[in-house]
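Shown next, in structure tokens, is the structure this report addresses.
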Amino acid sequence: MNFEEFKQNHTLITSYKYTWAPIDKGYNNRYIYVNVSDYLIKEKPVTKQMKEKFIGGKGFGLRLLWDATDPKTAWNDPKNEIIISGGPICGITQYSGTGKSLVVSISPQTDSVMDSNVGGFFGPFLKFCGFDAFELQGKSEKDVIIILDEEREVVEIYDAGDLPRDSHVLAEELTEIMAKDERDKMNVGVVSAGTAAEHSLIGMLNFSFYDFKRKKVRLKQAGRGGIGTVLRDKNVRALVAKVKGIGGNRNNVVNLEAIVERGRRFNKEMRELDDKQNEMRKKGTAHLTHIMNDYDLLPVNNFKFGSHPDAFKIRGDVWMSYFTQGVPDGCWIGCNMSCAKGVDNYELRSGPYKGDKVIVDGPEYETTSSLGSVAGIFNPDFTIEANFYCDTYGICTITWGTILGFVMECYENGILNEERTGGLKLNFGNADVAMELLHQVSRGEGFGLIAGKGVRAMKELFGKNGWGDRKFLFDIAMENKGLEYSQYVSKESLAQQGGYAMTNKGPQHDEAWLIFMDMVNNQIPTFEKKAEALHYFPMFRTWFGLVGLCKLPWNDVEPEDNAESDEPAKVPGHVDNYVTIYNAVTGQNVDKDELVRQSERVYNFQRIFNLRRGYGTRKWDAQPYRAAGPVTIEEYESRADRYDKQLIEKIGYDPTGKTTEEKMRVLRNYREEQYEKLLDAVYLRRGWTKNGVPKIEHLKSLGMDLPELIEVVAPYQE
Ligand code: SF4
Numbered sequence: 013m014n015f016e017e018f019k020q021n022h023t024l025i026t027s028y029k030y031t032w033a034p035i036d037k038g039y040n041n042r043y044i045y046v047n048v049s050d051y052l053i054k055e056k057p058v059t060k061q062m063k064e065k066f067i068g069g070k071g072f073g074l075r076l077l078w079d080a081t082d083p084k085t086a087w088n089d090p091k092n093e094i095i096i097s098g099g100p101i102c103g104i105t106q107y108s109g110t111g112k113s114l115v116v117s118i119s120p121q122t123d124s125v126m127d128s129n130v131g132g133f134f135g136p137f138l139k140f141c142g143f144d145a146f147e148l149q150g151k152s153e154k155d156v157i158i159i160l161d162e163e164r165e166v167v168e169i170y171d172a173g174d175l176p177r178d179s180h181v182l183a184e185e186l187t188e189i190m191a192k193d194e195r196d197k198m199n200v201g202v203v204s205a206g207t208a209a210e211h212s213l214i215g216m217l218n219f220s221f222y223d224f225k226r227k228k229v230r231l232k233q234a235g236r237g238g239i240g241t242v243l244r245d246k247n248v249r250a251l252v253a254k255v256k257g258i259g260g261n262r263n264n265v266v267n268l269e270a271i272v273e274r275g276r277r278f279n280k281e282m283r284e285l286d287d288k289q290n291e292m293r294k295k296g297t298a299h300l301t302h303i304m305n306d307y308d309l310l311p312v313n314n315f316k317f318g319s320h321p322d323a324f325k326i327r328g329d330v331w332m333s334y335f336t337q338g339v340p341d342g343c344w345i346g347c348n349m350s351c352a353k354g355v356d357n358y359e360l361r362s363g364p365y366k367g368d369k370v371i372v373d374g375p376e377y378e379t380t381s382s383l384g385s386v387a388g389i390f391n392p393d394f395t396i397e398a399n400f401y402c403d404t405y406g407i408c409t410i411t412w413g414t415i416l417g418f419v420m421e422c423y424e425n426g427i428l429n430e431e432r433t434g435g436l437k438l439n440f441g442n443a444d445v446a447m448e449l450l451h452q453v454s455r456g457e458g459f460g461l462i463a464g465k466g467v468r469a470m471k472e473l474f475g476k477n478g479w480g481d482r483k484f485l486f487d488i489a490m491e492n493k494g495l496e497y498s499q500y501v502s503k504e505s506l507a508q509q510g511g512y513a514m515t516n517k518g519p520q521h522d523e524a525w526l527i528f529m530d531m532v533n534n535q536i537p538t539f540e541k542k543a544e545a546l547h548y549f550p551m552f553r554t555w556f557g558l559v560g561l562c563k564l565p566w567n568d569v570e571p572e573d574n575a576e577s578d579e580p581a582k583v584p585g586h587v588d589n590y591v592t593i594y595n596a597v598t599g600q601n602v603d604k605d606e607l608v609r610q611s612e613r614v615y616n617f618q619r620i621f622n623l624r625r626g627y628g629t630r631k632w633d634a635q636p637y638r639a640a641g642p643v644t645i646e647e648y649e650s651r652a653d654r655y656d657k658q659l660i661e662k663i664g665y666d667p668t669g670k671t672t673e674e675k676m677r678v679l680r681n682y683r684e685e686q687y688e689k690l691l692d693a694v695y696l697r698r699g700w701t702k703n704g705v706p707k708i709e710h711l712k713s714l715g716m717d718l719p720e721l722i723e724v725v726a727p728y729q730e
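In our numbering, the protein residues as written are 13 to 730.
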């Protein structure tokens, strides 16, 4: 179908004409607001305060969401919004990883603020169309498609009619409709969810990009926290951005030469060092699988264990043999890291697309574990097929995997049984049943409807029904703040436990990944050092989401002389690239410390946003004990030498002749106490009270003593 035929078959509900203007130093200085309750579309200015204090990306999303909602706004209230914003660097093409955007909304899973970063073309194209953010509010009476078209300078809302619902077919069809010819498909970016997002709280968003070499529409995911569910609740089936072209300097940067020079430097590192370091261009992040297994960090059977004898079946080399090699796999133009791997012509064996040959994105490391080892499954074909269906149905692979691990452990412990699961034998390792459960979510049927509510809802439901011991359920439910853990075993890294459970949105590794610094290299042995790392890294990493950058090129390849630098973990050579690029785009003159302060402002804002909604205090940073230590006798005894040694050396407790239960109790007391001490140290370093609330004097020092923030934190000052 072409666009003319589309218009004949789909009612145009409303159209908004705007005047296109070029981007100025990374900003359009306006954003677009669309309300699908009354089909209102308008432009709004990006204020000076938004740029100075919130920068862009997640910062803009949080600012707009705060203003649009009140503390009690529920995720499915028409007032809730989805905000997409790239940030000032988003859309340049001369440096790797410069096409990311951040999606922000009130989450169906956590009831608090969610942010999720994503590649694909929509974020940069939104900017090229003329807007620094897309703000979606309201709830439509019928399914709609929203189109932003740079060429015609319009934003339009159409009746979605009989367009498909699952992402791979919907994105393909909309790309076909909007593009004039094959090459023009490069100028289309689609955002969509899928059928499982309609029947669960864990829906995610797919952002498309057109892979010209393969002649295929591909998908990248804004996975965490159920924002796809919000999109479908608003009865929006897809957003489309169509641009005239990509071009070399659409951001109208101040100093293109400086960016080009840093881009060349980085590309040389990729050419010369990637094969010696992480092989991102051959394996993507899936190179991590066996490394995690070797260090006992790969989640197995709902995070009970960190390794498994069958893990060789999912090692990096195996994934490489599935991935098509030698094609540029960047999820945005110019990315030399090229980690968005793909399995081509994969023939599906189940579900509504059985027999179809499809391209499957990834799998990335997280998915090799979540749709694999965490459910006790070591079968790449299961992982690839489940990855495809999670993507096209619109649910997050990380979340789904941690759900699978939880329900399987419940099943193995009699908390669930065939009667309660509608006949599904959910033992660890049962790949066919795991696949059927996924299809059930898409169809909105059976136990799939319960599993699709997520781990927090399930542990509460099972506890309320009297299914199993409540304490055990809470110990093994790998969620914090309502979000499922991502895929690293944190038991032996106290800093990573904090990196997970102190994260503003819930336990995702994008704020802090400190396992190697802490556990493997022992670089941060004291509470003070751990606290410093849990200050610097979350603040620094937040910055990627303010400006439109992918964090992988920061440290997934390192300059050859990085080890000799003062602080190798910070990769100072690459930080310097980012300072240079930010200044070269915006014409500002900031240094590396100011980058961290930019993040710190937004980070504290998000913490206070949580507080405003009734969260954001110490009790919400608590972790399930499975994240900190062995919950079961089986777990303890599988690593008894390690734990016994720790009892002697760290606690001064002699385990000789003691029962496993007794040893577990002593170890647990110790580990829980250590975690509380860590919280004290980190809160102190971050300028927060003992209850985890930003102090007013700290907000003042950051220039974030905005009246609306002071009003929220004032009652919590010590
Ligand atoms: S490094 Fe990978 S995820 Fe990041 S922009 Fe490049 S291809 Fe995309």
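For each residue, glycine too, the CB sits at the ideal point set by N, CA and C.
Residue nearest to residue i in terms of C-alpha spacing, selected from the options
i: V58; options: I326, K294, P392, I44; result: I44
i: N601; options: Q610, V608, R609, V591; result: V591
i: N218; options: H180, K112, L76, S650; result: H180
i: A524; options: Q535, K541, Y548; result: Y548
i: K197; options: E210, S220, V48, W566; result: S220
i: F315; options: K353, V419, D123; result: V419
i: V115; options: C102, G98, A639; result: G98
i: K631; options: M514, V608, S27, V694; result: M514
i: P706; options: A639, R677, E612; result: E612
i: T538; options: E168, V725, K689; result: K689
i: W32; options: T26, N40, I25; result: N40
i: G215; options: C141, S381, I407, D155; result: I407
i: E649; options: K675, G464, Y665, G480; result: K675
i: N129; options: S350, M551, K702, Q520; result: Q520
Check: residue i C-beta below 7 Å from any heavy atom of the ligand SF4
i: L564; result: yes
i: M349; result: yes
i: A352; result: yes
i: G338; result: no
i: D341; result: yes
i: G238; result: no
i: W555; result: no
i: G560; result: no
i: E113; result: Position check: residue 113 holds Ser in this sequence, whereas Glu was assumed. No, the beta carbon of S113 sits no closer than 7 Å to any heavy atom of the ligand SF4.
i: S27; result: no
i: W344; result: yes
i: S108; result: yes
i: G173; result: no
i: G131; result: yes
Residue i, DSSP secondary structure in three states
i: Q337; result: coil
i: Y728; result: helix
i: S124; result: coil
i: D82; result: coil
i: V46; result: strand
i: I410; result: helix
i: E491; result: strand
Backbone CA spacing between residue i and residue j [nearest angstrom]
i: Y512; j: A545; result: 13 Å
i: F18; j: I189; result: 7 Å
i: L473; j: G111; result: 40 Å
i: L754; j: G456; result: For residue 754 there is no data in the structure shown, the boundaries of the chain being 13 and 730.
i: L718; j: Y170; result: 40 Å
i: I159; j: G237; result: 25 Å
i: G338; j: A183; result: 25 Å
i: K582; j: P571; result: 12 Å
i: Y682; j: I663; result: 7 Å
i: V200; j: E185; result: 11 Å
i: V255; j: V203; result: 15 Å
i: F617; j: K65; result: 10 Å
i: C343; j: D568; result: 16 Å
i: H586; j: R277; result: 10 Å
i: K280; j: Y107; result: 12 Å
i: G275; j: N348; result: 9 Å
### Message
Three or more C-beta pairs under 8 Å: does that hold for the segment 556 to 574 against the segment 128 to 136?
### Response
yes
### Message
Pairs of beta-carbons, one from the segment 282 to 298 and one from the segment 622 to 637, closer than 8 Å: are there three or more?
### Response
no
### Query
Are there three or more Cβ pairs, one per stretch, closer than 8 Å when the segment 161 to 176 is compared with the segment 58 to 74?
no
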